[in-house]
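Same order as they appear, the protein sequences are chains W and D. Positions 181 to 442 (the numbering used here) are the ones given, in order, by the first sequence. Positions 3 to 399 (the numbering used here) are the ones given, in order, by the second sequence. Note that CB positions come from ideal geometry on N, CA and C, so glycine has one too. Take a look at the structure set out below.
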Amino acid sequence: MNESVQIEIHDLTKIYKLNKKQMQESHTKNPKKTAVDHLTLTAKSGEIYGLLGPNGAGKTTTLRCIATIIKPSSGEIYVNGNEVQKNSEAVRKSIGFLTSDIKLDPQFSVDYLFDFFGELRGIAPDQIKKRKEELFTYFGINDFAHKKIKELSTGMKQKAAIAVSLIHDPEVVIFDEPTNGLDIITARSVTDYLRKLKEEGKLVIISTHIMSEAEKLCDRIGIIIDGKKRAEGTLAEILEETGTHDLEDAFFEYFKSVKGEA
Amino acid sequence: MKTIYKKELARIFKDKKMIFSVFLLPVLIMVGIMALVGNLATRQVEDIENHRSIVYMINEPDSFSAFLEAADLNMEVNTIKTDGERENVMDLLRNGDADLLIEFPENFDSMIQEYQTGDEVPQIKTYYNPSEDYSSSAYELISNQTLEAYRQTLLSQRVADMNGIQIFTVNSDNKDMIVQDDQKASGKALGMMLPYFITILLFAGAMGIGTDMIAGEKERGTMASLLVTPVKRKSIVLGKVFALMTISGISSVIYIVVMGATFPKILGGDSGLDIEITPEQIAMIGVLLVAISFLYSAIVILISVFARDLKEASTYITPAYMVVLVIGMMTMFTTSEAGMKDYLIPFYNTALALKGILTSEVTMAQYGVTLVMTLVLGGILTAVIAKAFESEKVMNL
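Here it is as structure tokens:
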């Protein structure tokens with residue numbers, strides 16, 4: 181593993197076993213579904229890497245494998261030199277992970293949960309307080325910090341979830357569709373914060389299907405369709421390769437080529 | 003583990019509604035039900051006692067009518083004469099509109115007075131409906147007690163020396179006939195009920211909270227937020243199991259204290275139980291309760307782990323509750339003395355030990371085996387839960 185690279189994925193494959201109900205819903209007789217198919221990528225500190233793809237492309241599955249939530253069927257993933265299956269606790273210590281599937285307990289306040297997750301991560305109380313002031317102020321959480329999660333709007337919940345995921349000031353930030361469902365002002369505050377993290381030298385990996393967001397935010401983009409990486413590079417490199425003028429057109433070029441393969 | 007434990011307790015203790023629904027509502031409901039049942043039972047007894055029995059008689063001798071009048075019983079006596087009337091009374095008895103029919107043979111008085119050795123003994127026939135409480139009560143009072151007293155009266159007229167025909171009496175003047183250890187006797191009565199109540203309290207107390215703690219968190223997506231932290235899965239499991247133990251333990255202690263304080267009053271101030279428990283017995287029960295609540299919490303959490311959502315968890319947990327409950331009840335109907343091998347049977351051994359502690363019949367070896375078996379089984383189940391936490395399929399990840 182190259183020491184300057186923070187995340188390195190080698191030949192990652194994730195195959196899900198489907199139950200009868202899932203097979204019926206997917207209109208398939210095959211009890212196995214390949215969500216990620218021999219994916220290889222690297223991402224370095226000080227950059228924002230965007231995983232782009234349609235729904236069901238394998239973006240979230242890839243991020244969940246990196247975050248040690250699920251285990252790869254084959255392949256290897258290294259985060260700061262730690263292999264995710266062999267040293268999952270060290271990996272979880274170094275990453276801040278957020279996905280729409282992960283929710284905060286609706287019975288507790290943001291303030292309580294921030295302290296709780298801080299304590300759970302073994303952070304000293306004074307450090308928790310410092311981070312709380314910093315993150316709550318940045319995301320404007322102080323106004324609703326003592327309200328229960330169940331009483332908050334979608335935007336407030338997302339801000340709270342982001343703050344909690346960043347409590348330990350992680351070196352690697354992995355956000356799955358972080359602006360999904362947010363109003364334009366809240367979405368802007370989130371993307372601004374991701375830029376700030378990048379400037380601090382952190383590695384940020386996001387998944388998104390919002391092309392304009394990826395264009396403006398990501399230093400490098402990986403396009404995934406049907407579990408396979410179809411392209412990777414800077415926006416300029418991708419546009420040049422496809423001979424298009426924006427990411428949406430470029431994406432459709434790749435998408436058409438895949439459907440052509442099929 | 004400590005942080006998870008504190009959070010799970012905070013879930014209950016920071017919410018007044020939860021405190022009320024987990025700790026107070028079940029107690030209020032049970033006390034309310036017991037008070038209602040006690041009140042209804044008392045009213046039923048009073049109603050039967052106050053009821054004016056409707057009694058029909060055929061061929062009743064004047065001496066018996068006079069005897070009844072002198073006894074001053076709360077009854078309405080009707081005389082019938084014809085077979086048609088007799089059939090009507092039978093219908094009234096069947097319908098619960100009459101309580102008792104007493105049929106004397108014709109010329110009853112003369113049969114008694116002219117009786118010679120070898121003559122047929124006159125027979126009084128009584129008819130009642132055992133499915134009617136009023137009728138059963140009238141039968142007991144009149145047919146069994148009053149007619150017997152009437153028979154004794156007539157007998158005293160025929161035989162000058164009643165003692166001469168009595169041959170012997172049984173316990174007519176023996177105040178010390180009951181020889182028992184009062185503590186053991188009351189312990190036996192309590193020991194019959196305690197395993198049953200303990201099972202209800204500890205298991206039912208853990209059911210609602212435990213399923214929400216695991217299956218509810220999986221369903222809401224909040225479990226994943228714990229699993230992305232560097233905390234060991236074993237620590238998450240133990241934090242939840244111990245929190246559930248504490249909650250169900252507190253719930254059952256409140257329950258037992260309130261029931262103990264209110265039961266005698268509910269049962270009219272005389273429950274018939276002269277309960278005296280020594281400090282040693284309390285300590286033994288206390289330690290065993292900790293072990294039982296550990297086992298039951300582990301069972302509830304294990305079932306919840308394998309359920310995809312709250313609804314499924316509730317469906318799975320009901321049969322387990324019934325099984326544990328039935329095993330707990332088995333000791334109520336066991337008369338033979340339990341051997342060491344009985345204390346090796348999980349669940350049954352805890353019920354036996356609780357009963358044995360109260361009756362001072364359990365040996366320290368049997369108690370120790372029960373304790374170790376319960377803790378080991380709880381430990382094994384906890385290890386299985388921790389293993390299940392590693393499975394992305396089981397955890398719906």
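Taking Cβ to Cβ, would you say D:S295 is nearer than 8 Å to D:G341? Here residue 295 of chain D refers to the residue found at position 293 when the second sequence is read from its first residue. Here residue 341 of chain D refers to the residue found at position 339 when the second sequence is read from its first residue. No, they are not a contact pair.
Looking at the secondary structure, which residues open and close the alpha helix (DSSP H) in which W:R375 lies? Residue mapping note: residue 375 of chain W aligns to position 195 of the first sequence, counting from 1. Looking at the DSSP string, the run of the alpha helix (DSSP H) that includes W:R375 is I364 to E379.
Go to D:N80, then tell me how far its beta strand (DSSP E) extends in each direction, as first and last residue. Along the second sequence, one-based indexing puts residue 80 of chain D at 78. Its beta strand (DSSP E) spans residues M77 to I82.
Is the beta carbon of W:K194 sitting closer than 8 Å to the one on W:M203? As a working mapping, residue 194 of chain W is identified with position 14 in the first sequence. As a working mapping, residue 203 of chain W is identified with position 23 in the first sequence. Against a cut-off of 8 Å, the Cβ pair of W:M203 and W:K194 comes out as no contact.
Closest Cβ-Cβ distance between D:G223 and chain W: below 8 Å? Residue numbering aside, residue 223 of chain D sits at position 221 when the second sequence is read from its first letter. It does; some Cβ of chain W falls within 8 Å.
Within 8 Å, do at least three Cβ pairs link the segment 366 to 380 of chain D to the segment 282 to 295 of chain D? yes
Distance cutoff 8 Å, beta carbons only. Does D:R310 sit that close to anything in chain W? Residue numbering aside, residue 310 of chain D sits at position 308 when the second sequence is read from its first letter. Judged by the 8 Å Cβ criterion, D:R310 is not in contact with chain W.
How many angstroms separate the CA atom of W:E417 from the CA atom of W:S206? Looking up residue 417 of chain W in the first sequence gives position 237. Looking up residue 206 of chain W in the first sequence gives position 26. If I take the Cα positions, the gap works out to 35 Å.
My understanding is that D:A151 touches D:V57, with C-beta atoms under 8 Å, so please give their C-beta distance in whole angstroms. Along the second sequence, read from residue 1 onward, the residue named residue 151 of chain D stands at position 149. Along the second sequence, read from residue 1 onward, the residue named residue 57 of chain D stands at position 55. With a Cβ gap of about 16 Å, D:A151 and D:V57 do not count as contacting.
Quick one: grab the DSSP three-state call for W:Q338. Against the first sequence, residue 338 of chain W aligns to sequence position 158. DSSP places W:Q338 in helix when its eight states are reduced to three.
For chain W, find out if any of its Cβ atoms is closer than 8 Å to the Cβ of D:K313; answer yes or no. Translated into positions along the second sequence, residue 313 of chain D becomes position 311. Not an interface residue.
Alpha carbons only, please: which of W:E269, W:R301, W:G320 and W:I354 is nearest the one belonging to W:V290? Reading the first sequence from its first residue, position 110 is the one you call residue 290 of chain W. The shortest Cα separation from W:V290 among W:E269, W:R301, W:G320 and W:I354 belongs to W:G320.
Residues from the segment 317 to 339 of chain D in contact with chain W, defined by Cβ distance under 7 Å: none
Length of the line joining the Cα atoms of D:S299 and D:T5: In the second sequence, counting from the first residue as 1, residue 299 of chain D sits at position 297. In the second sequence, counting from the first residue as 1, residue 5 of chain D sits at position 3. Roughly 18 Å between the two C-alpha positions.
Run of the beta strand (DSSP E) containing W:G230, from where it starts to where it stops: If you number the first sequence from 1, residue 230 of chain W lands on position 50. Start and end: I228 to L232.
What are the boundary residues of the beta strand (DSSP E) that includes W:D356? Locating residue 356 of chain W in the first sequence gives position 176, where the first residue counts as 1. Here the beta strand (DSSP E) through W:D356 covers V352 to D356.
Burial state of W:F423, where buried means 16 or more other Cβ atoms lie within 10 Å: Looking up residue 423 of chain W in the first sequence gives position 243. Inspection of the sequence shows that residue 423 of chain W is occupied by Gly rather than by Phe. Looking at its Cβ environment, which holds fewer than 16 other Cβ atoms inside 10 Å, W:G423 is exposed.
So is W:R400 buried or exposed if we call it buried at 16+ other beta carbons inside 10 Å? On the first sequence, position 220 is the one that residue 400 of chain W refers to. Classification for W:R400: buried.
Cα-Cα separation, W:F432 to W:N235: Here residue 432 of chain W refers to the residue found at position 252 when the first sequence is read from its first residue. Here residue 235 of chain W refers to the residue found at position 55 when the first sequence is read from its first residue. Cα to Cα, W:F432 sits roughly 14 Å from W:N235.
If you count every other CB in all the chains shown that lies within 10 Å of the CB of D:N173, and 16 or more means buried, which is it? The residue you call residue 173 of chain D lines up with position 171 of the second sequence. So D:N173 counts as exposed.
Please go through the same chain and pick out, in chain order, the residues whose beta-carbon is closer than 8 Å to the beta-carbon of D:T148, but skip the five residues on each side of it. By 1-based counting over the second sequence, the position of residue 148 of chain D is 146. F69, L70, A73 and L75, listed in sequence order.
Under 8 Å between C-beta atoms, does W:A343 make it to chain D? Within the first sequence, residue 343 of chain W is the residue found at index 163, counting from 1. Output row for W:A343: interface = no.
Alpha-carbon to alpha-carbon, D:Q118 and D:V79: The residue given as residue 79 of chain D occupies position 77 in the second sequence. The residue given as residue 118 of chain D occupies position 116 in the second sequence. The straight-line gap from Cα to Cα measures roughly 32 Å.
C-alpha distance - D:L229 paired with W:E269, whole-angstrom precision: Counting from 1 along the second sequence, the entry for residue 229 of chain D is found at position 227. Counting from 1 along the first sequence, the entry for residue 269 of chain W is found at position 89. Their backbone Cα atoms lie some 10 Å apart in a straight line.
Does any residue of chain D have a CB that is nearer than 8 Å to the CB of W:E380? Position 200 of the first sequence, counted from the start, is the residue given in the question as residue 380 of chain W. For W:E380, the answer is no, since every Cβ of chain D falls outside 8 Å of its Cβ.
Assign D:G271 to one of three DSSP states: helix, strand, or coil. Walking along the second sequence from the start, residue 271 of chain D turns up at place 269. Residue confidence for D:G271 is low, a pLDDT of 49 falling below 50, so the modelled location carries little weight; the figure read from the coordinates is stated next. It is coil, neither helix nor strand.
Can you check whether the C-beta of D:G394 is within less than 8 Å of a C-beta belonging to chain W? Position 392 of the second sequence, counted from the first residue, corresponds to residue 394 of chain D. It should be noted that the sequence gives Glu, not Gly, for residue 394 of chain D. Yes, because at least one Cβ of chain W sits closer than 8 Å to the Cβ of D:E394.
Find the nearest neighbour of D:V29 within the set D:F205, D:N176, D:N52 and D:V259, judged by alpha-carbon distance. As a first step, residue 29 of chain D is located in the second sequence; it is residue number 27 there, counting from the start. With distances taken between Cα atoms, D:V29 lies closest to D:V259.
When W:E428, W:A430, W:H425 and W:G407 are compared against W:A215, the one with the closest alpha-carbon: As a first step, residue 215 of chain W must be located in the first sequence, where it is residue number 35. Looking at the Cα atoms, W:G407 is the closest of the given residues.
I'd like to know if D:V307 contacts chain W, where contact means its C-beta is closer than 8 Å to some C-beta of that chain. Numbered from its first residue, the second sequence carries residue 307 of chain D at position 305. No, no contact with chain W.
Whole angstroms is fine: what's the gap from W:E331's alpha carbon to W:C245's? Locating residue 331 of chain W in the first sequence gives position 151, counting from the first residue. Locating residue 245 of chain W in the first sequence gives position 65, counting from the first residue. Cα-Cα distance, rounded: 32 Å.
For W:A411, name the three-state secondary structure that DSSP assigns. Indexing the first sequence from 1 puts residue 411 of chain W at position 231. Strand.
What residues are listed by DSSP as bridge partners for W:N262? Within the first sequence, numbered from 1, the residue matching residue 262 of chain W stands at position 82. W:V259.
Measure from the C-beta of D:K236 to each C-beta in chain W and report whether the shortest distance is under 8 Å. Locating residue 236 of chain D in the second sequence gives position 234, where the first residue counts as 1. Closer than 8 Å: no.
Which residue from D:T352, D:V302, D:V396 and D:L379 puts its Cα closest to that of D:T333? Counted from its first residue, the second sequence places residue 333 of chain D at position 331. The residue with the shortest Cα to Cα distance from D:T333 is D:T352.
Chain-ordered chain W contacts of D:A226 [CB-CB under 7 Å]: The residue labelled residue 226 of chain D in the question sits at position 224 within the second sequence. The answer, in chain order, is I249, D281 and I282.
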